[in-house]
Amino acid sequence: MQVFLKEGIRVNIEPANENYVESYMEFIKDLASDDDSYVIVNYSGLLPDIDGVRERSKLWNKGNISMHFALLKDRVIGYCGQKIGPTYGNDLQPHISEIWYAVSRDFRGSGLIYPLIFESLKNTDVKYVQAYVDTRNVKSSKLMENIGFKNMGKIGENILDKRNNILRDDYYFRGKREEALKILKEKIDKRGLIINF
Ligand SMILES: CC(C)(COP(=O)(O)OP(=O)(O)OC[C@H]1O[C@@H](n2cnc3c(N)ncnc32)[C@H](O)[C@@H]1OP(=O)(O)O)[C@@H](O)C(=O)NCCC(=O)NCCS
Numbered sequence: 000m001q002v003f004l005k006e007g008i009r010v011n012i013e014p015a016n017e018n019y020v021e022s023y024m025e026f027i028k029d030l031a032s033d034d035d036s037y038v039i040v041n042y043s044g045l046l047p048d049i050d051g052v053r054e055r056s057k058l059w060n061k062g063n064i065s066m067h068f069a070l071l072k073d074r075v076i077g078y079c080g081q082k083i084g085p086t087y088g089n090d091l092q093p094h095i096s097e098i099w100y101a102v103s104r105d106f107r108g109s110g111l112i113y114p115l116i117f118e119s120l121k122n123t124d125v126k127y128v129q130a131y132v133d134t135r136n137v138k139s140s141k142l143m144e145n146i147g148f149k150n151m152g153k154i155g156e157n158i159l160d161k162r163n164n165i166l167r168d169d170y171y172f173r174g175k176r177e178e179a180l181k182i183l184k185e186k187i188d189k190r191g192l193i194i195n196f
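With the first letter of the sequence shown counted as 1, position 122 gets the number 121 in numbering that gives the first Met the number 0; the numbers rise by one all the way through.
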């Protein structure tokens with residue numbers, strides 16, 4: 000999918016593959032030192048090992064894991080991952096997936112996150128989609144509400160923030176994929192983004 004942001008900047012949203020592992024690592028490195036970010040590196044304090052990521056990248060978009068990148072030429076500026084059967088495996092939970100996502104600082108507020116999540120959700124046929132959001136992450140919570148996900152409640156002390164040795168609280172969000180897709184399309188139009196499939 001091609002996305003034209005308001006300034007006419009063209010971004011491609013594509014299934015991730017191992018050719019982008021280095022650029023993805025650069026992005027993860029930026030997120031690690033970003034005080035507004037709440038992704039795994041912000042809790043673990045450790046950058047993943049590049050060989051491990053290269054190995055994991057072989058599973059992207061195979062089996063129950065999907066991964067999409069937003070690319071500015073060859074630079075990864077956003078991702079949306081999705082795992083089907085997040086808790087009990089895809090045999091017992093073929094109808095539920097979990098998503099995780101991030102956009103590069105320079106592209107926050109541009110609306111890019113909407114086509115990114117849209118493209119990810121379009122590629123699975125689950126009924127429900129869930130996400131865990133740190134209670135301090137106001138933007139991400141707002142984003143989930145914006146796409147029709149319901150805040151199902153707070154899960155206290157759900158993740159260990161190793162950097163600060165504190166257990167952090169998450170909100171558990173869940174919504175219907177079909178409904179989210181409809182709302183995402185409306186959000187894309189409202190934000191004035193042009194998309195070509
Ligand atoms: C979470 C993330 C993907 C959201 O993307 P974004 O481009 O920043 O999102 P937007 O600017 O569209 O903001 C989302 C909503 O939050 C609102 N918002 C932004 N800042 C806000 C604030 N300080 N208080 C309340 N609402 C706020 C926006 O107005 C928008 O709602 P609207 O469309 O109704 O206006 C992005 O901030 C990011 O990558 N963060 C770092 C990684 C991360 O934390 N990922 C999520 C892990 S769960």
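For each residue, glycine too, the CB sits at the ideal point set by N, CA and C.
Inside the region 36–108, DSSP marks whole beta strand (DSSP E) runs of 3 or more residues at positions 64–71, 74–83 and 95–102, from first to last along the chain.
Straight-line spacing of the CA atoms in Pro85 and Tyr127 works out to 11 Å. Between Met66 and the set Arg53, Ser56 and Gly80, the nearest pair of CA atoms involves Gly80. In this structure, the straight-line span from the alpha carbon of Asp35 to that of Glu156 is close to 19 Å. Annotation: Arg74 to Gly108 spans about 18 Å, alpha carbon to alpha carbon.
Collapsing the DSSP output to three states places Val125 in coil. Here the region 53–64 does not lie against the region 146–155, with fewer than 3 beta-carbon pairs under 8 Å apart.
Relative to ligand 1, the beta carbon of Ala101 is positioned inside 6 Å of a heavy atom. The continuous alpha helix (DSSP H) containing Phe26 extends over residues Val20 to Ala31. The continuous beta strand (DSSP E) containing Leu166 extends over residues Ile165 to Lys175.
In this structure, Gly77 sits near Leu115, with a CB-CB distance shorter than 7 Å. Taking the Cβ atoms as the reference, Leu111 lies roughly 17 Å from Leu180, outside the contact range of under 8 Å.
Closest in C-alpha terms to Ala69, from the list Val38, Tyr23, Tyr87 and Ile193, comes Tyr23.
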